[in-house]
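Inspection log for the structure reproduced underneath, given as structure tokens.
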Amino acid sequence: MHDTVTIKDNSVLDVEKVRKDFPILDTLVFGHPLVYLDNAATTQKPEAVLKAMEEYYHTINSNVHRGVHHLSQQATDAYELARKKIAEYIGAKHAHEIIFTRGTTESINLVAYTFGKKFLRPGDSILTSGLEHHSNIVPWQLACEDRGATLKVIPIDENGELILDGLEKLLEGVKLVSVNYVSNALGTINPVREIIAAAHRQGTPVLLDAAQAVQHMEVDVQELDVDFLAFSSHKIYGPTGFGVLYGKEQWLNELPPYQGGGEMIKTVSFEKTTYNDLPYKFEAGTPDMAGAIGLGAALDYIQKLGLSTIRQTEHNLMAYALEALQEIKGLRMIGRSAHRAGVLSFLVGDIHPFDLGEILDKQGIAVRTGHHCAQPIMDQYCIPGTVRASLAFYNTPAEIDKLVAGIRKAATLLG
Amino acid sequence: MTIKEKQDEIIADFEFFSNWDDKYEYIIQMGKELPPMDPQYKVDENLIRGCQSRVWMHPDYKDGVITFTADSDAIITKGLVSLVIDVLAGHTPKEIVDAELYFINAIGLSSHLSPTRSNGLLSMVKQIKLYALAYQAKELQS
Chain A
317 MHDTVTIKDN SVLDVEKVRK DFPILDTLVF GHPLVYLDNA ATTQKPEAVL
367 KAMEEYYHTI NSNVHRGVHH LSQQATDAYE LARKKIAEYI GAKHAHEIIF
417 TRGTTESINL VAYTFGKKFL RPGDSILTSG LEHHSNIVPW QLACEDRGAT
467 LKVIPIDENG ELILDGLEKL LEGVKLVSVN YVSNALGTIN PVREIIAAAH
517 RQGTPVLLDA AQAVQHMEVD VQELDVDFLA FSSHKIYGPT GFGVLYGKEQ
567 WLNELPPYQG GGEMIKTVSF EKTTYNDLPY KFEAGTPDMA GAIGLGAALD
617 YIQKLGLSTI RQTEHNLMAY ALEALQEIKG LRMIGRSAHR AGVLSFLVGD
667 IHPFDLGEIL DKQGIAVRTG HHCAQPIMDQ YCIPGTVRAS LAFYNTPAEI
717 DKLVAGIRKA ATLLG
Chain B
4 MTIKEKQDEI IADFEFFSNW DDKYEYIIQM GKELPPMDPQ YKVDENLIRG
54 CQSRVWMHPD YKDGVITFTA DSDAIITKGL VSLVIDVLAG HTPKEIVDAE
104 LYFINAIGLS SHLSPTRSNG LLSMVKQIKL YALAYQAKEL QS
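Chains as they are written, first to last, in my numbering: chain A, 317 to 731; chain B, 4 to 145.
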């Protein structure tokens, strides 16, 4: 029923060597070496990404697609090469199916607005899940409110897994399904193949919020047969403020433009404007060239390490962390799915997550506390929030040991 | 003791602590010692919402001075709430309105007053000032 991750080989990374690529990991916090376990919020950037962006500004910075001059051509080539790399990374059929945005949030808003405008009618509905980030709830609420449609929700069970028993029935009247691949709050890997297949049986398209998936496992949009997919650059070792929307060509051609301006037009007169071809139809204004090139460099870096090697390394670390955390008296995991990536969400006794987070911070350990922009999940568990430790391949078992010791110290102080 | 004297006393106390554990231990102890809030006042209308932790506060005005009862669901915040009350309670509305709370910065917990951290303490201090202002206006009317 669940997506299984095929691991092609069992090789793991030389983490100590890899850590040297991330200069920020040497930072001291309150006199302690930084233990950065907030990777689901944002990942750190390898030297290769910083260098690629610096080099862009140093050597070829210039506006893309419109200049007659040499630099503009070089910038355009580098920018469009990044689009090709991104398309290849997620297995898209065409590079023009890759739309550049500011991040997952904008990607989802783009689809919610344009799809809503074209296809949503009063009485229709959109289906999302109880495991979503606010950015995969609120854009749909706005669209539904605007079009007189309703938002339906796939429920979750006490382990933090989606309940798909009633899915066929839930899908009735649904115009689009939008769910995340991996939950940012609990780390659950959702059975998206099953959801996509069920939705497609009724001719309903599916959007995947892959913000917490693409950095941990292979995601192939053609193999998934997903209609739209969104992710953010900054969560996959690339620069902030940049993101991607993938859409199947036929869907993107059907949707109206999102924003108007330069780049997205073919001809403009006061009577009639004709729109540009994909992907430019959805890319109004001067784009973030350095962002695209930075993300391209991040994907090159990941592929150099090998996604399956990354997957195996993170898998081992997650198993180690799960076992180590469970040794802590009074610790309870929030979200107990066996299918998990990146995220460990937990509470200790009746200690408020904010208190625990603050005492960990004093020991140089960076975690996230609170509702993780997923309040409906916290409401379901009747908790104010959780402490979330989120892993990247550059984290070590020694850092997990520090987390465990840090939690023990906090529990003694706060208990 | 004036508001300033109380703050200076807290700052002097904190100077004894050589490491952060002791400092936090003290704040947590203050939180534990905060007298429990009468359940009738621990209601939504007295709730000061922060993104992370919540604070409930109820003021009382008698014989020209203001007192407070309060609670928080996070113990470190509660300890700081307790310190703020310790500093401000028992003073006149004018003294509270005019007071500058510098001790939280001075003891190295300024992050608790950062709007980005939003844990209810900053909003609580603002709310105390608003109550004091309202009582001051009432005094002027009578």
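Here a beta-carbon is modelled for each residue, glycine too, at the ideal position from N, C-alpha and C.
Check                                                                                                                                                 : Outcome
Does A:Ser378 come out as helix, strand or coil in the three-state DSSP assignment?                                                                   : coil
Is A:Ser585 helix, strand or coil when you go by DSSP?                                                                                                : coil
Quick one, are the C-beta atoms of A:Val312 and A:Lys468 less than 8 Å apart?                                                                         : The structure shown does not extend to residue 312 of chain A, since chain A is modelled only from 317 through 731, so no value can be given for it.
What distance in whole Å lies between the Cβ atoms of A:Ala614 and A:Ile552, which are believed to be in contact at a cut-off of 8 Å?                 : 6 Å
Considering just the uninterrupted stretch of the alpha helix (DSSP H) at A:Tyr395, what are its terminal residues?                                   : 386–405
Measure from the alpha carbon of A:Arg656 to the alpha carbon of each residue in A:Leu638, A:Arg648, A:Leu663, then state which is nearest.           : A:Leu638
Roughly how many angstroms separate the alpha carbons of A:Leu341 and A:Gly673, rounded to a whole number?                                            : 19 Å
Using a Cβ cut-off of 8 Å, which residues of the stretch 11–33 of chain B contact any Cβ in chain A, in chain order?                                  : Trp23, Asp24, Tyr27, Glu28, Ile31
Between the stretch 654–675 of chain A and chain B, which residues of the former have CB atoms less than 9 Å from a CB of the latter, in chain order? : Ile667, His668, Pro669, Phe670, Asp671, Gly673, Glu674, Ile675
In chain order, what residues of the same chain lie with their CB nearer than 7 Å to the CB of A:Val321, ignoring the 5 residues before and after it? : Since pLDDT at A:Val321 reaches only 49, below the 50 mark, its modelled position is unreliable, and no value is offered.
Is B:Ile99 near the ligand HEM, in the sense that its beta carbon is under 7 Å from a heavy atom of that ligand?                                      : Annotation note on the ligand HEM: not contained in the displayed structure, which lists no ligands.
Residues of chain A with a CB under 7 Å from the CB of B:Ser56: which are they?                                                                       : His668, Phe670
Restricting to Cα atoms, I'd like to know which of A:Asp462, A:Ala600, A:Gln696 is closest to A:His381.                                               : A:Ala600
Tell me, please, which residues DSSP counts as bridged to A:Ile693.                                                                                   : Per DSSP, none; premise fails for A:Ile693.
Thinking C-beta only, is B:Thr95 closer than 8 Å to B:Val150?                                                                                         : Given that chain B is displayed from residue 4 to residue 145, the structure contains no residue 150 of chain B and the question cannot be resolved.
On the DSSP letters alone, give me the boundaries of the alpha helix (DSSP H) that A:Pro700 sits inside.                                              : Neither: A:Pro700 is in no alpha helix (DSSP H) and is coded neither H nor E.
Closest to B:Ala1 by C-alpha separation, out of B:Gln130, B:Leu125, B:Val100, would be which residue?                                                 : The structure shown has nothing for residue 1 of chain B, since chain B only spans 4 to 145.
Which residues, in chain order, does the stretch 677–695 of chain A contribute to contact with chain B at a C-beta distance below 7 Å?                : Lys678, Thr685, Gly686
Which whole-angstrom value is the C-beta distance of A:Lys401 and A:Asp616, which I expect to be below 8 Å?                                           : 7 Å
Given a threshold of 16 other Cβ atoms within 10 Å of its Cβ, counted over all protein chains shown, does B:Glu142 qualify as buried or as exposed?   : exposed
Is the separation between the beta-carbon of A:Val365 and that of A:Pro603 shorter than 8 Å?                                                          : no
Is it buried or exposed, A:Ala368, if we count other Cβ atoms within 10 angstroms and call 16 or more buried?                                         : buried
If we count the other Cβ atoms within 10 Å of its Cβ and call it buried at 16 or more, is B:Asn22 buried or exposed?                                  : exposed
Which value, in whole angstroms, describes the spacing of the CA atoms of B:Met33 and B:Ser85?                                                        : 6 Å
For the stretch 63–79 of chain B, list every residue whose C-beta sits within 9 Å of some C-beta in chain A, in sequence order.                       : Ser75, Asp76, Ala77, Ile78, Ile79
Determine, using beta carbons only, whether A:Gly651 and A:Ser548 come nearer to each other than 8 Å.                                                 : no
Kindly say whether A:Pro438, judged by its beta-carbon, lies nearer than 8 Å to any beta-carbon of chain B.                                           : no
Can you pull the chain B neighbours of A:Leu730, defined as C-beta to C-beta under 9 Å?                                                               : Tyr27, Ile31, Ile78, Ile79
Starting from B:Ile6, trace the alpha helix (DSSP H) both ways and give me its first and last residue.                                                : 6–18
In the DSSP assignment, the beta strand (DSSP E) including A:Val535 goes from what residue to what residue?                                           : Per DSSP, A:Val535 belongs to no beta strand (DSSP E) and is neither H nor E.
8 Å is my cut-off, CB to CB: does A:Pro471 come that close to chain B?                                                                                : no
To the nearest angstrom, report how far apart A:Ala705 and B:Asp74 are at their CA atoms.                                                             : 28 Å
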